[in-house]
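*Asks:*
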Amino acid sequence: MKVSLNWLRDYVPLTASPEEIARAITFLGFEVEGIHSTGAPRLDHVVVGEILTRARHPNADKLSVCTVDVGPAGGVKTIVCGAANCDAGHRVLVALPGAVLPGNFAIKASKIRGQASEGMMCSPDELGLPGDHAGLLLLPDRPALGVSIQEALPGGDTILDLEITPNRPDCQCHLGIARELAAWFRLPLTYPQERFRGDVSAAAQRPDLLAGVEVRSPEDCPYYSAHVVAGIKVGPSPAWLQDRLRAVGLRPINNVVDVTNYVMLETGQPLHAFDARRLEGRRIVVRPAVDGERLVTLDGKERTLDPRTLVIADAARAVVVAGVMGGQDSGVATDTTDLVLECAVFRRQSVRAASRRLGLSTDSSYRYERGVDPHGAPEAAWRAIDLILETAGGAVAGPAFQVGGDVPWSREIVVTHDYITERLGFDVPASGMRAAFEALELRVTREEQTVQPARGPAWTVAIPSWRDDLDRPIDLVEEVLRLHGTERIPPATVVAPGLAAEDDPVVRFNRLATDYLVGHDFHECVNYTLRPARELAAWASAAELPRLALANPFVDDQTHLRSSLVGGLLDSLRLNQARGVPVARLAETGRVFLERDGQVLECVAAAFVIAESSGERSWLRRESADFFTVRHHAVALAGLAGLRVGELLPAAAPGWQAGHAALANDHRRGWWIGAGLVDLALTRSLGIEGRVQAGFVALLPELLPARAGVRRFQDFSLFPAALRDLALIVPEATPAGEVSARVERAARQAAGASFTFEGASVFDVYRGPGLPDGHKSLAFTLVFRGKDRTLTDNEVNTAFQRLQEDVPAGTSWQVRR
Amino acid sequence: MQAQLQAVLAKAAAELPAVHLRPELEAAKARYVGPNGEFTALMKQMGAVPKEERPAAGRLINEAKGRLQVLLDEALARIAAAELSAQLGPAIDPTLPSPDPGPGTRHPLTLVREEMCRILRKVGFSVADGPEVESEYYCFDALNTPADHPARDEKDTFYLPADARFGNVSKKDPAERYLLRTHTSSVQIRTMLRGEPPIRIVSPGRVYRRDTTDATHSANFHQLECLYVDRNVTVRDLKALLDHIFAALLGKDTRTRFRPHYFGYTEPSFEVDLAATHLPRVNKPWIEIGGCGMVDPSVFAAVGYDPERWTGYAFGMGLERLAMLLYGIDDIRYFYQNDARFLRQFS
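Heads up: the protein sequence lines correspond to chains A and B, in order. Taking numbering that gives the first Met the number 0, the leading residue of the first sequence gets 0, the next gets one more, and so forth. Taking numbering that gives the first Met the number 0, the leading residue of the second sequence gets 0, the next gets one more, and so forth.
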């Protein structure tokens, strides 16, 4: 909202500088988004002078040497000037030595190309004024020589652009801001004194102009008043009124419309004026629109309405969208002689909904949406009538109509000095608190001393109708603090007890996972949670996809919740490749959304991708990452989440390359883990060069352990191990895990109770000559150890012999010798 | 005998330095000090030496034996050293680049978040977390947001379809809709509903606004909020916290100021400005950094706390904005592109 300082001075005698006023408004709680001054700035040593002569500079084609008479300010000066229009006879503004122009530009006597110059003649730009940059500011009114810039140029104004918080609808107008500033600077506030105060008993009765007002939706329109002014003459507003409106960015239309706008900007009460003769049936009806009812609004657009929208209608049709915008053919026009002035209050939600539906926000709807004080409405109407009579002539005619607005306002809050002090945490004297209330027109109707252990007084504070936001004692704490000044909150140290609680397990997991991944040379990424359907389709099943869709996406590429972090990481990989930035390892932690039994689960997740070297050369080659690299990291991440993952098994899942990726999950408990090669066709379709290995873990947050589980030390043998190698020929399709499990079981049985089998590890996988077709050889190293002695070859051999018989028993496997 | 000893020693001194392999050394050692060795043979002559000469001869033999052992040890040490150096290739060029990727980097948002959490943990805050999909109650109603508040509009907030079912996000009322949380204040509500004060939490997390993406707006971004509820928590305590946070982050002489403002869930409410002296690329004296206030009694009522007994404060800020101010980043979209040239700059 734009506010004019000159206008504010109508109500409060502000003497502070615009900067001080802007600061006051800031600390009263309204953001000052801009300050813009018109008229002459206050500049010392800038005076009116007349150019007496102009000669070409001897050493510069584009410069002139002028003699300039500044009269009592110093007589005739010689000044070098670069402007084209420095012709003799013009009166101009001269900055004399000592002047400091905007931009901190200090004027000194100097030599310009060898020619002495005793000042500078100024362009509007150099004075901080709007206007042509090219030439000197000429003063055709020929003010007296030597007078200051302030006297020479018409008085300026300062316009503040304010952001009014939604709790303060009373400040959507000049009077509201003036009231706040009067409180801040402790200055008196003068309200406009209306001459017309609603009495139409002596006025001519003209039911032929307006016969009746009917409000059919009192819920949505708690107050409606209509006054008739007859015999007006519509024309341009007086200059002062036009200037005021222009200063705050409104275009003057005609005297009547300008008055309604002026009063709205003064009091915050929107008003509307009808041409009385254009109201069909001389009636006003406030009612819901009829379904499909049409109205051409003032902006020339035809609006189709429905019953959710409240309208002002005459006997035949809707003429105004209530609180939003008037119709094109019922308003005051140049030929209007009799008008009906509407002053109404509409329910905020009703106006807001209508404004939203129509996509139409106006100064009026904006104020109604935030709330208009019904108890201030009559005075606004009277004020407008005063100004209409003043600017358009005519006379008030009866009858006047008023519907609603008969519930008197009354609100009191009881608050104690102790209550306020306890909330603030520092002392403000009771007298200061009371003064703050009264400065804000919060009348203290009663003050009594409180009894022990309380110390200060208790006040009963009467809340004016325009301060509907003040309803509880805590609201008055804010008023005291605002006027005391938030900059005066005394410093203090933080009183901190020991840590009350452990960090959330999710936070700890993310931290551990990020540390792990960064420690393994990954760049941590952050991608959007909302993904395009086409990306998600690669990772989610067709049944899953619709469950992840937003009801109201904003843009096409952010329509669904992500079910995988890998999609975003591939996107980041692609971006880096496209920009020619070599990068191999990317990782992310964050939320993903997975489906289980028709429900979506919000899961904690970590994921990573490793681009196999995509062509960039190196003086020393490393073997690129493979399935076993990414499985290693995925299982490690699962371990950080406290999950014990068994084997990952091949599975056909969207996004992964069949036969080159594996998954494990516990659907019931709610965890999922996977690793392997990203589907090659997918990688290619994304425009990523080279193959990509990836891995992820996702789990329900509630699975994360609140604390580390209890661990117990297990003793181990200090005697040497006995090793034996075992190779088995098995069908190609048999997974190593299955063979390994069988070997371990047999080895454990063979070792029996007399010593221990510690494990079997695969050290070779062989395919090729010497083996039957379709078979492979898996070679294991087995480790045996005695608890309390060194094992003899004999006992180990006996056990090894036995397990070589046990392992293949009942299978097609053969021990390879 | 002395001459014989000298001869053997001279022979050994000539022969042993030329020995390069361990088996050769073993053979040479046997030739001198083995059972049939030359030196052993000389020692056996001791028996033939007259009794009165024996002490002198013994001394000579021991001396010679010691010198022979030194020669053998030297040869062994030389051979062992040669064996080790045989395990090495040519000397490395330490100025060549490593072919390995990395080092890994933390995202600037993580760095800023962890730094803030570290600062807050020191004054008793623990880090809380909660779901990003929320219900209307936890995101709005419990925070004193009226049903027709613009923030709840479908124009500004992402909603899930009415039939969406989230298995692990609880609703207050089965009829309310799921949405993507617009602030992390919902974590405060869930935390307060879980237990009694005192509560001192910081909740960093991802939030969503239905907004056009440009240099300063993003459909999702990150917030960090603090909540402290206890007896006798005051405005002055809140100011002290903000002063502490930014002094710890930017240096002791960092100043903050409060401007009165309006938020539905705090009363009184303030916007927090930071003196921009320490910030790159900021050319005004104060810059807005977040919002805060004293928890509104209606929020306490919503979570079942007695507003007469408990008071509290809340503070919230955007992490992207903080990171942008700290690092001088001028476009929020950099955080979400993950260009490695960006990521490498902060870790």
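Glycine included, C-beta positions come from ideal geometry on N, C-alpha and C.
Quick check on the burial criterion: 16 or more other C-beta atoms within 10 angstroms. Buried or exposed for E153(B)?
*Replies:* exposed
*Asks:* How long is the line joining the alpha carbons of L702(A) and R235(B), rounded to whole angstroms?
*Replies:* 40 Å
*Asks:* Please list the terminal residues of the continuous beta strand (DSSP E) segment that includes W655(A).
*Replies:* W655 to D665
*Asks:* On the criterion of 16 or more Cβ atoms from any shown chain inside 10 Å, does H666(A) qualify as buried, or is it exposed?
*Replies:* The Cβ neighbour count for H666(A), taken over all protein chains shown within 10 Å, is under 16; the residue is labelled exposed.
*Asks:* Compare the beta carbon distance of R433(A) and W458(A) with 8 Å and say whether it is the shorter of the two.
*Replies:* yes
*Asks:* Using a beta-carbon distance below 8 Å, is N575(A) in contact with chain B?
*Replies:* yes
*Asks:* Taking only beta-carbon positions, decide if A163(B) is within less than 8 Å of chain A.
*Replies:* yes
*Asks:* Please identify, using Cβ separations under 7 Å, the residues of the region 227-242 of chain B that lie next to chain A, in order along the chain.
*Replies:* N231, T233, V234, R235, D236, K238, A239, L240 and D242
*Asks:* Just to confirm, is the Cβ distance from L244(A) to P235(A) under 8 Å?
*Replies:* no
*Asks:* What does the alpha-carbon distance come out to for the pair H659(A) and F626(A)?
*Replies:* The C-alpha of F626(A) is placed about 7 Å away from the C-alpha of H659(A).
*Asks:* Whose C-beta lies closer than 7 Å to the C-beta of E731(A) among residues of the same chain, with five residues either side of it excluded?
*Replies:* Closer than 7 Å at the Cβ level, and outside the excluded window around E731(A), lie G773, H774 and K775.
*Asks:* Within the 8 Å Cβ cut-off, does V281(B) reach chain A?
*Replies:* no
*Asks:* According to DSSP, which residues form a beta bridge with E594(A)?
*Replies:* Bridge partners of E594(A): V599(A).
*Asks:* Give the residues of chain A in contact with E153(B), contact being defined as C-beta atoms less than 8 Å apart.
*Replies:* A550 and N551
*Asks:* Using a Cβ-Cβ cut-off of less than 7 Å, list which residues of the region 248-269 of chain B approach chain A; keep chain order.
*Replies:* R256, F257, R258, P259, H260, Y261, E266, P267 and F269
*Asks:* Please report how far the alpha carbon of F779(A) lies from the alpha carbon of F521(A), in whole angstroms.
*Replies:* If you take the alpha carbons of F779(A) and F521(A), they lie about 33 Å apart.
*Asks:* Would you mind telling me which residues of chain B sit closer than 9 Å to E421(A), beta carbon to beta carbon, in chain order?
*Replies:* N231, T233 and T310
*Asks:* Taking Cβ-Cβ distances below 7 Å as the criterion, which residues of the region 499-527 of chain A are in contact with chain B?
*Replies:* A499, A500, E501, D502, D503, V505, V506, T513, L516, V517, G518, H519, D520, F521, H522, E523, C524, V525, N526 and Y527
*Asks:* Span of the alpha helix (DSSP H) holding I118(B)?
*Replies:* P107 to K121
*Asks:* Round the Cβ separation of K1(A) and V247(A) to the nearest angstrom and send it over; I've been treating them as touching at under 8 Å.
*Replies:* 4 Å
*Asks:* Could you please tell me which residues of the region 105-124 of chain B, in chain order, have their CB closer than 7 Å to any CB of chain A?
*Replies:* Listed by position, the residues of the region 105-124 of chain B near chain A (Cβ gap below 7 Å) are R105, H106, L108, T109, R120, V122 and G123.
*Asks:* Between R53(B), G311(B), D147(B) and R151(B), which has its C-alpha nearest C225(B)'s C-alpha?
*Replies:* G311(B)
*Asks:* Beta-carbon of Y333(B) versus every beta-carbon of chain A: anything under 8 Å?
*Replies:* When Cβ-Cβ separations below 8 Å define contact, Y333(B) makes no contact with chain A.
*Asks:* Quick one: is T444(A) buried, meaning 16 or more other Cβ sit within 10 Å of its Cβ, or exposed?
*Replies:* Burial call: exposed.
*Asks:* Can you name the residues of chain A whose CB is closer than 8 Å to the CB of L95(B)?
*Replies:* Counting only Cβ-Cβ distances below 8 Å, L95(B) has contacts in chain A at W618 and L619, in chain order.
*Asks:* Roughly how many angstroms separate the alpha carbons of G289(B) and R141(A), rounded to a whole number?
*Replies:* 53 Å
*Asks:* My output table needs one value for V738(A): the three-state DSSP class, helix, strand or coil.
*Replies:* helix
*Asks:* Helix, strand or coil for G694(A) per DSSP?
*Replies:* Of the three classes helix, strand and coil, the one that applies to G694(A) here is strand, per DSSP.
*Asks:* Is there a Cβ from chain B that is less than 8 Å from the Cβ of L27(A)?
*Replies:* yes
*Asks:* For the alpha helix (DSSP H) containing A405(B), name the first residue and the last one.
*Replies:* Past the boundaries of the shown model lies residue 405(B); chain B is included only from 0 to 346, so the question cannot be answered.
*Asks:* Once DSSP output is grouped into helix, strand and coil, what is the label at R205(B)?
*Replies:* Looking at R205(B) - three-state DSSP - the assignment turns out to be strand.
*Asks:* With respect to the beta strand (DSSP E) encompassing Y223(A), which residues constitute its N-terminal and C-terminal limits?
*Replies:* Y222 to A229
*Asks:* Distance, Cα to Cα, V476(A) vs G129(B)?
*Replies:* 32 Å
*Asks:* At a threshold of 7 Å, does L516(A) count as lining the ligand HEM (C-beta to nearest heavy atom)?
*Replies:* The ligand HEM is not among the ligands present in this structure, which contains no ligands whatsoever.
*Asks:* Using a C-beta to C-beta distance shorter than 8 Å, which residues of chain B count as neighbours of P287(A)?
*Replies:* Under the 8 Å cutoff, chain B gives no residues; its nearest Cβ is about 18 Å from P287(A).
*Asks:* Among A661(A), L95(A) and P17(A), which has the Cα closest to the Cα of V79(A)?
*Replies:* L95(A)
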